[in-house]
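Heads up: the sequence shown runs through residues 1 to 343, numbered per the UniProt record's numbering.
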Amino acid sequence: MSPIRNISIYFNEIPSDYPIPGQTLITKEETIDIDTVELNGSCLLKTLALSIDPYLRLQMRETHIKSYFPAYEVGEVIYGLGIAVVVRSEREGFKAGDKVYGLLRHQEYHVAMPDSLTPLQVLPPGLPISNAAMLGVGGLAGGSGYMGYKEYAKAKKGQTIFVSTAAGAVGSVVVQLAKRDGLRVIGSAGSEEKVAYMKEIGVDVAFNYKTTDTNAVLAKEGPIDIYWENVGGATLDAALANMQVHGTIIVCGVMSSYNGVEYAHKNLSSIFAKSLHIHGFLYTDLAPKYTEEFYRDFVPLVATGAIKHNEEITRGLDKVGEAMARLQKGENTGKVVVWVADE
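Right under this line is the structure:
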């Protein structure tokens with residue numbers, strides 16, 4: 001077969017705040033010969049869908065700045081979690097036609113990345129890829145919510161939990177787990193559409209933090225026994241001011257700081273004054289302990305509809321930059337997925 005088109009997404013420049021479509025990330029149309037490209041013991045993948053996640057913004061930094069994930073190199077193809085189908089394989093355990101999940105280069109076709117960051121795995125049964133659930137509630141986002149909650153919440157029926165970005169891919173999972181445990185849930189999000197979705201999944205006190213004062217809501221509805229932190233900044237400050245003594249804060253992310261925004265916290269003394277317990281974690285910390293349980297106990301609840309989820313699916317690899325910007329600005333209405341190709 002002669003070479004065919006192979007669209008790729010390159011990291012073009014380090015943004016000072018929000019990523020700019022067509023400037024931070026650029027699209028190039030290249031070619032690949034899928035019959036002759038050397039595999040070197042690996043496998044050739046055709047990308048089906050890509051997960052657009054908040055942490056990808058943290059990789060758009062200077063390479064000398066250390067973090068839990070390597071920085072993207074300017075001039076190189078970016079990568080992130082996704083679903084692909086194996087086209088050719090020289091790798092044991094992977095055969096042509098297998099659907100796989102893991103870190104993928106943002107290209108239509110590419111030879112699989114090394115397993116040094118996140119191992120490539122054949123998709124587990126039970127979740128159709130047609131609704132992209134494996135990239136959200138059945139993957140990193142759902143796993144982060146499930147594993148972090150199970151490990152650190154130690155929830156008791158009747159307690160109050162506050163979940164920031166409670167309409168998001170992670171926060172919505174935490175909300176539903178908390179409701180199943182009999183907790184009272186306060187949730188914040190950034191639009192009226194998201195407030196409606198929070199109510200749909202069971203949030204007892206749902207509010208738009210852009211039009212309602214977070215501190216005022218928490219002062220009225222608290223004190224808070226558990227705070228699930230996805231945001232940082234003023235939201236964290238308000239939570240600190242309204243925590244219960246010996247309360248628990250679970251830090252999954254601080255998205256407000258990802259795009260160059262700085263905030264001077266005022267209530268950090270609450271950490272010792274209220275003897276608060278703060279737990280930060282990464283998915284990779286807890287995955288060895290909880291992955292089997294997550295697929296056994298949680299994923300079937302997704303498949304049957306007992307756990308609700310919401311995706312925002314954009315078609316076309318060339319839409320990655322736009323999807324990334326929408327997510328960082330909070331303009332999305334569900335888990336952001338770029339659908340690259342059908343099987």
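Glycine residues also receive a C-beta, built at the ideal position from the N, C-alpha and C atoms.
**Asked** Would a C-beta distance cut-off of 9 Å place residue 35 and residue 91 closer than the cut-off?
**Response** Translated into positions along the sequence shown, residue 35 becomes position 35. Translated into positions along the sequence shown, residue 91 becomes position 91. No, the pair does not count as a contact, with Cβ atoms beyond the cut-off.
**Asked** Measuring CA to CA, which of 221, 270, 234 and 278 is closest to residue 264?
**Response** Translated into positions along the sequence shown, residue 264 becomes position 264. The option with the nearest alpha carbon to residue 264 is 234.
**Item:** Span of the alpha helix (DSSP H) around residue 244
**Value:** Position 244 of the sequence shown, counting from 1, holds the residue named residue 244. Where residue 244 is concerned, there is no enclosing alpha helix (DSSP H), although the beta strand (DSSP E) it sits in stretches over 243-251.
**Message:** Using the three-state DSSP reduction, which class does residue 3 fall into: helix, strand or coil?
**Reply:** Walking along the sequence shown from the start, residue 3 turns up at place 3. Residue 3 falls in the coil class under three-state DSSP.
**Prompt:** What do you get for residue 12, buried or exposed, if any count of 16 or more other CB atoms within 10 angstroms of its CB means buried?
**Reply:** Taking the first residue of the sequence shown as 1, we reach residue 12 at position 12. Residue 12 should be labelled buried.
**Prompt:** For the region 305-315 against the region 267-283, are there 3 or more C-beta pairs whose distance is under 8 Å?
**Reply:** no
**Contact the region 69-84 vs the region 37-55: 3+ CB pairs below 8 Å** = yes
**Prompt:** Looking only at its own chain, which residues have a Cβ that is under 6 Å from the Cβ of residue 225, when we skip the five neighbours before and after it?
**Reply:** Position 225 of the sequence shown, counting from 1, holds the residue named residue 225. Correct list, in chain order: 159, 160, 244 and 247.
**Prompt:** What is the rounded straight-line gap between the Cα of residue 61 and the Cα of residue 73?
**Reply:** The count along the sequence shown starts at 1 and reaches residue 61 at position 61. The count along the sequence shown starts at 1 and reaches residue 73 at position 73. Cα to Cα, the separation comes out at about 9 Å.
**Asked** Between residue 334 and the rest of its own chain, which residues show a CB-CB distance below 7 Å, the 5 nearest in sequence each way excluded?
**Response** To locate residue 334, count along the sequence shown from 1; it is residue 334. Excluding sequence neighbours, residue 334 sits near 310, 311 and 312.
**Item:** 8 Å Cβ shell around residue 319 - same chain, five flanking residues per side excluded
**Value:** For the purposes of this step, residue 319 is taken as the residue at position 319 of the sequence shown. Excluding residues within five positions, the ones whose Cβ falls inside 8 Å are 338.
**Message:** Quick check: what's the CA-CA separation for residue 205 versus residue 93?
**Reply:** The count along the sequence shown starts at 1 and reaches residue 205 at position 205. The count along the sequence shown starts at 1 and reaches residue 93 at position 93. The straight-line gap from Cα to Cα measures roughly 48 Å.
**Asked** Leaving out the 5 sequence neighbours to the left and right, which residues in its chain are closer than 8 Å to residue 221 when beta-carbon positions are compared?
**Response** Here residue 221 is taken as the residue at index 221 of the sequence shown, counted from 1. 160, 186 and 205.
**Request:** Output the boundary residues of the alpha helix (DSSP H) element that contains residue 292.
**Result:** Looking up residue 292 in the sequence shown gives position 292. Looking at the DSSP string, the run of the alpha helix (DSSP H) that includes residue 292 is 283-293.
**Message:** Spatial neighbours of residue 6 within its chain, please: C-beta separation below 7 Å, excluding the five flanking residues on both sides.
**Reply:** The residue labelled residue 6 in the question sits at position 6 within the sequence shown. Closer than 7 Å at the Cβ level, and outside the excluded window around residue 6, lie 30, 31, 32, 107, 108 and 109.
**Asked** Quick one: Cα of residue 341 to Cα of residue 232, how far?
**Response** Numbered from its first residue, the sequence shown carries residue 341 at position 341. Numbered from its first residue, the sequence shown carries residue 232 at position 232. C-alpha separation (whole angstroms): 36 Å.
**Asked** Distance, Cα to Cα, residue 207 vs residue 166?
**Response** Sequence index remark: in the sequence shown, residue 207 carries index 207 (1-based). Sequence index remark: in the sequence shown, residue 166 carries index 166 (1-based). Straight-line Cα distance between these residues: approximately 10 Å.
**Request:** Note down, in chain order, each residue of its chain lying with its Cβ closer than 8 Å to the Cβ of residue 97, except the 5 sequence neighbours on either side.
**Result:** On the sequence shown, position 97 is the one that residue 97 refers to. Result list for residue 97: 85 and 86, in chain order.
**Request:** Tell me the start and end of each unbroken beta strand (DSSP E) in the region 161-189 that is at least 3 residues and wholly inside, in chain order.
**Result:** 184-189
**Request:** Could you tell me how far apart the beta carbons of residue 142 and residue 119 are, in whole angstroms, since I believe they sit closer than 8 Å?
**Result:** Here the question's residue 142 lines up with position 142 in the sequence shown. Here the question's residue 119 lines up with position 119 in the sequence shown. With 8 Å as the limit, residue 142 and residue 119 do not qualify as a contact, their Cβ atoms being about 18 Å apart.
**Item:** Proximity winner among 64, 122, 79 and 148, relative to residue 170 (alpha-carbon distances)
**Value:** As a position in the sequence shown, residue 170 is number 170, starting the count at 1. Ranking 64, 122, 79 and 148 by Cα distance to residue 170 puts 148 first.
**Closest residue to residue 78 among 199, 59 and 40 (Cα-Cα distance)** = In the sequence shown, the residue the question calls residue 78 occupies position 78. For residue 78, the nearest C-alpha among the options comes from 59.
**Neighbour-count burial assignment, residue 300, 16 or more Cβ in a 10 Å radius** = The count along the sequence shown starts at 1 and reaches residue 300 at position 300. It counts as exposed.
**Message:** On the criterion of 16 or more Cβ atoms from any shown chain inside 10 Å, does residue 328 qualify as buried, or is it exposed?
**Reply:** Working through the sequence shown from its first residue, we reach residue 328 at position 328. Residue 328 comes out buried.
**Message:** Buried or exposed, going by whether 16 or more other CB atoms sit within 10 Å of the CB of residue 250?
**Reply:** The residue given as residue 250 occupies position 250 in the sequence shown. By the 10 Å Cβ count, residue 250 comes out buried.
**Message:** Using a 10 Å radius around the Cβ and a threshold of 16 neighbouring Cβ atoms, would you call residue 261 buried or exposed?
**Reply:** For the purposes of this step, residue 261 is identified with residue 261 of the sequence shown, where counting begins at 1. Result: exposed.
**Item:** residue 319, enclosing beta strand (DSSP E) - first and last residue
**Value:** Walking along the sequence shown from the start, residue 319 turns up at place 319. No beta strand (DSSP E) contains residue 319, which DSSP labels as neither H nor E.
**Message:** Threshold first: 3 residues or longer. Then list the beta strand (DSSP E) segments lying entirely within the region 28-90, N to C.
**Reply:** 43-51 and 79-89
**Request:** Could you pull out every residue in the same chain whose Cβ sits closer than 6 Å to the Cβ of residue 218, ignoring the five residues on either side in sequence?
**Result:** Position 218 of the sequence shown, counted from the first residue, corresponds to residue 218. Once the five neighbours on either side are set aside, the close Cβ partners of residue 218 are 238 and 242.
**Message:** Once the 5 residues before and after residue 163 are set aside, which same chain residues still bring their CB inside 6 Å of it?
**Reply:** As a first step, residue 163 is located in the sequence shown; it is residue number 163 there, counting from the start. If we look at residue 163 and ignore the five residues flanking it on each side, its Cβ neighbours are 171, 174, 175, 187 and 228.
**Nearest-angstrom Cα separation, counted from residue 293 out to residue 50** = Residue mapping note: residue 50 aligns to position 50 of the sequence shown, counting from 1. Residue mapping note: residue 293 aligns to position 293 of the sequence shown, counting from 1. Cα-Cα distance, rounded: 25 Å.
**Request:** Using DSSP bridges, identify the partner residues of residue 279.
**Result:** The residue given as residue 279 occupies position 279 in the sequence shown. Looking at the DSSP assignment, residue 279 forms a beta bridge with 250.
**Prompt:** Going by beta carbon distance, what residues of the same chain come within less than 6 Å of residue 298, once the five residues before and after it are set aside?
**Reply:** For the purposes of this step, residue 298 is taken as the residue at position 298 of the sequence shown. Closer than 6 Å at Cβ, skipping near neighbours: 146.
**Prompt:** Excluding the five sequence neighbours on either side, which residues of its own chain have a C-beta within less than 7 Å of the C-beta of residue 192, listed in chain order?
**Reply:** Looking up residue 192 in the sequence shown gives position 192. Answer for residue 192: 208, listed in chain order.
**Request:** Pull up the CB-CB distance for residue 57 and residue 259, whole angstroms please, since I reckon it's below 8 Å.
**Result:** Against the sequence shown, residue 57 aligns to sequence position 57. Against the sequence shown, residue 259 aligns to sequence position 259. 6 Å between Cβ atoms; contact.
**Request:** Would you identify the three-state DSSP class for residue 268, choosing helix, strand or coil?
**Result:** Looking up residue 268 in the sequence shown gives position 268. Looking at residue 268 - three-state DSSP - the assignment turns out to be coil, as it is neither helix nor strand.
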